[in-house]
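Reading through the structure tokens given below for one structure.
There are 2 protein chains.
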Amino acid sequence: MTEARRPAKKAPMRDVLAEAAFELFLERGYEQTTVDDIVARAGVGRRSFFRYFPSKEDAVFPDHERCLVEMTAFLEAANGADPVETVCDATRIVLRMYAANPEFSVQRYRLTREVPGLRTYELSVMRRYERTFAGYLERRGERALRAEVIAASVVAAHNNGLRSWLRSGGEGDADAAVDEALGLVRETWGSGGGRPAVAAGDGEVVVVLARKGAPMWRVVQQIESALGDG
Amino acid sequence: MTEARRPAKKAPMRDVLAEAAFELFLERGYEQTTVDDIVARAGVGRRSFFRYFPSKEDAVFPDHERCLVEMTAFLEAANGADPVETVCDATRIVLRMYAANPEFSVQRYRLTREVPGLRTYELSVMRRYERTFAGYLERRGERALRAEVIAASVVAAHNNGLRSWLRSGGEGDADAAVDEALGLVRETWGSGGGRPAVAAGDGEVVVVLARKGAPMWRVVQQIESALGDG
Numbered sequence: 161m162t163e164a165r166r167p168a169k170k171a172p173m174r175d176v177l178a179e180a181a182f183e184l185f186l187e188r189g190y191e192q193t194t195v196d197d198i199v200a201r202a203g204v205g206r207r208s209f210f211r212y213f214p215s216k217e218d219a220v221f222p223d224h225e226r227c228l229v230e231m232t233a234f235l236e237a238a239n240g241a242d243p244v245e246t247v248c249d250a251t252r253i254v255l256r257m258y259a260a261n262p263e264f265s266v267q268r269y270r271l272t273r274e275v276p277g278l279r280t281y282e283l284s285v286m287r288r289y290e291r292t293f294a295g296y297l298e299r300r301g302e303r304a305l306r307a308e309v310i311a312a313s314v315v316a317a318h319n320n321g322l323r324s325w326l327r328s329g330g331e332g333d334a335d336a337a338v339d340e341a342l343g344l345v346r347e348t349w350g351s352g353g354g355r356p357a358v359a360a361g362d363g364e365v366v367v368v369l370a371r372k373g374a375p376m377w378r379v380v381q382q383i384e385s386a387l388g389d390g
Numbered sequence: 161m162t163e164a165r166r167p168a169k170k171a172p173m174r175d176v177l178a179e180a181a182f183e184l185f186l187e188r189g190y191e192q193t194t195v196d197d198i199v200a201r202a203g204v205g206r207r208s209f210f211r212y213f214p215s216k217e218d219a220v221f222p223d224h225e226r227c228l229v230e231m232t233a234f235l236e237a238a239n240g241a242d243p244v245e246t247v248c249d250a251t252r253i254v255l256r257m258y259a260a261n262p263e264f265s266v267q268r269y270r271l272t273r274e275v276p277g278l279r280t281y282e283l284s285v286m287r288r289y290e291r292t293f294a295g296y297l298e299r300r301g302e303r304a305l306r307a308e309v310i311a312a313s314v315v316a317a318h319n320n321g322l323r324s325w326l327r328s329g330g331e332g333d334a335d336a337a338v339d340e341a342l343g344l345v346r347e348t349w350g351s352g353g354g355r356p357a358v359a360a361g362d363g364e365v366v367v368v369l370a371r372k373g374a375p376m377w378r379v380v381q382q383i384e385s386a387l388g389d390g
């Protein structure tokens, strides 16, 4: 909403403020830097700061609001066969933001570890992504419990991959790190691709034939319908 | 640590402060209540408040620190066969705290929905439970990714069940609500109980025989070893 109403030409001022803020946080420490310090460095008035950022914390994470808007639009437009796959794909919007500026992302990661207020801010943002995912999964027919548990799994796996990349100093392929972590979510909750043969008789017993090495989720999906409710 | 050092006879003062704080939050609103108001109502000096609570938020959730200590001790002593089952059991320590005083828990739930500062406080606490679970699962041999995803699943499922109970006004059986929600975690991540027959030959194909209606996790566990890495 805010994004859409703001004239495009004002965007650079926002960047100038975020950069000034971050420079000062690294130089003097986060707690020791006031909004007055930031606007003095950026060469603007105090009200300019609050026109762009509701709080000092928001200046440390200037792109999450935009990511949330973009993600919501992505999910609204998505019509892929597998909702879990779509949610995993949507995490790339966040990852792209981190990977666009590895040095900044790594410095911010270190700063966030040290400042409790930034950690809780980050938790709130993560929670908003999680709720966005859960809402989408519910709209795609998952019941609330399953939607919430899958959404929490996606965020946890994404953060595991992202953290590995940040801890490595932003070296290497962020996408590969996160994709590998999301593999666990896809295997566990995704609806899968290839199809092992399942023959369910009318009686008590179900016979399953699967290739050795077949991904577990493919097998599970097939067996589930044959077994009835597990 | 704080718990252990505090003489037992001082515990009531802590309760008196928490009760005075909560009364005032309901009467005047959370933001409008100062620490001075709370100590005036409790009839003690300002320093007494900070002896027991680092911040106003902590007075709203006076029992989470104790729960975290208790949970850590429970997990350290646990030696059950299934670490996922143990973690699910550990959530009962939190639930017991909520269920001990349904009226207070429901009022606090409503207050927390309205006050952003309390929501972020609650997220921080949830994160500490999640990390406690993940740490335990890692010590029990899970790799970090899987430990973190399972821990996030447990917290999400627990919160789903707890929230249903709180939204119902604290009526009914909190244990049943949470147990039902944790069923999804147990089925998905637990190591299971009963054993369907799995015959794995040397060749390409695995044959699985399972009773119709058998719990999915029992079947999966057996197939997994037969299939090799999925």
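As you go down the protein sequences, you meet chains A and B in turn.
Numbered continuously in the numbering used here, the first sequence closes out at residue 390.
Numbered continuously in the numbering used here, the second sequence closes out at residue 390.
Yeah, the Cβ is synthetic: ideal placement off N, Cα and C, and Gly gets one too.
Check	Outcome
C-beta atoms of residue 298 of chain A and residue 312 of chain A nearer than 7 Å	no
Collapsed DSSP secondary structure at residue 320 of chain A in the structure displayed	helix
Segment limits, alpha helix (DSSP H) that includes residue 249 of chain B	243 to 259
N-terminal and C-terminal residue of the alpha helix (DSSP H) that residue 215 of chain B is part of	Here residue 215 of chain B belongs to no alpha helix (DSSP H), and DSSP marks it neither H nor E.
With 16 other Cβ atoms within 10 Å as the buried cut-off, status of residue 113 of chain A	Since the first residue of chain A shown is 161 and the last is 390, residue 113 of chain A is not available in this structure.
Under the three-state DSSP convention, the category residue 329 of chain A falls into	coil
Residues of its chain near residue 230 of chain B, where Cβ-Cβ distance is below 7 Å and the 5 sequence neighbours each way are ignored	253
Cβ pair residue 285 of chain B, residue 190 of chain B closer than 7 Å	no
Rounded separation between residue 317 of chain B and residue 259 of chain B - CA only	17 Å
Burial state of residue 194 of chain A (16 or more Cβ within 10 Å)	exposed
Closest by C-alpha distance to residue 302 of chain B, when choosing among B:176, B:175, B:247	B:247
Interface flag, residue 177 of chain A vs chain B, CB-CB below 7 Å	no
CB contact flag (residue 180 of chain A, residue 202 of chain A, <7 Å)	yes
Distance, residue 223 of chain B Cα to residue 255 of chain B Cα	11 Å
Counted within 10 angstroms of its Cβ, other Cβ atoms place residue 329 of chain A as buried (16 or more) or exposed	exposed
7 Å Cβ cutoff met for residue 324 of chain B and residue 337 of chain B	yes
Bounding residues of the alpha helix (DSSP H) (the contiguous stretch that carries residue 298 of chain B)	276 to 299
Residue 303 of chain B, DSSP secondary structure in three states	coil
Contact with chain B by residue 291 of chain A, beta-carbon distance below 7 Å	no
Cβ shell of residue 164 of chain A (< 6 Å), same chain only, five flanking positions each side left out	Residue placement at residue 164 of chain A cannot be trusted, given a pLDDT of 49 that sits under 50; the coordinates are not used to answer.
Where the alpha helix (DSSP H) containing residue 348 of chain A begins and where it ends	334 to 349
Endpoints, alpha helix (DSSP H) assigned at residue 182 of chain B	171 to 188
Contact under 7 Å by Cβ, residue 315 of chain A with residue 290 of chain A	yes
Beta carbon proximity, residue 288 of chain A to chain B, threshold 7 Å	no
Same chain, Cβ closer than 6 Å to residue 167 of chain B, five either side skipped, listed in chain order	Low per-residue confidence applies at residue 167 of chain B: pLDDT is 49, beneath 50, and the placement is therefore not dependable, though the value from the model is reported in the following sentence. Within the same chain, residue 167 of chain B has no close Cβ partners at all.
Pair within 7 Å by beta-carbon distance, residue 220 of chain A and residue 184 of chain A	no
Distance, residue 232 of chain B Cα to residue 239 of chain B Cα	13 Å
Nearest-angstrom Cα separation, counted from residue 199 of chain A out to residue 213 of chain A	12 Å
DSSP state of residue 196 of chain B mapped onto helix, strand, coil	helix
Three-state secondary structure assigned by DSSP to residue 238 of chain B	coil
CA-to-CA distance, residue 305 of chain B to residue 356 of chain B, given in whole angstroms	Confidence is the limiting factor: at residue 356 of chain B the pLDDT is only 42, short of 50, which leaves the residue's position unreliable, though a coordinate-based value still follows. The alpha-carbon atoms of residue 356 of chain B and residue 305 of chain B are separated by roughly 28 Å.
Per-residue burial, residue 207 of chain A [other beta carbons within 10 Å of its own, 16 or more giving buried]	exposed
Reduced DSSP secondary structure (H/G/I, E/B, other) of residue 262 of chain A	helix
Assigned secondary structure, residue 231 of chain B (DSSP; H/G/I helix, E/B strand, else coil)	helix
Coil, strand or helix - residue 220 of chain A by DSSP	helix
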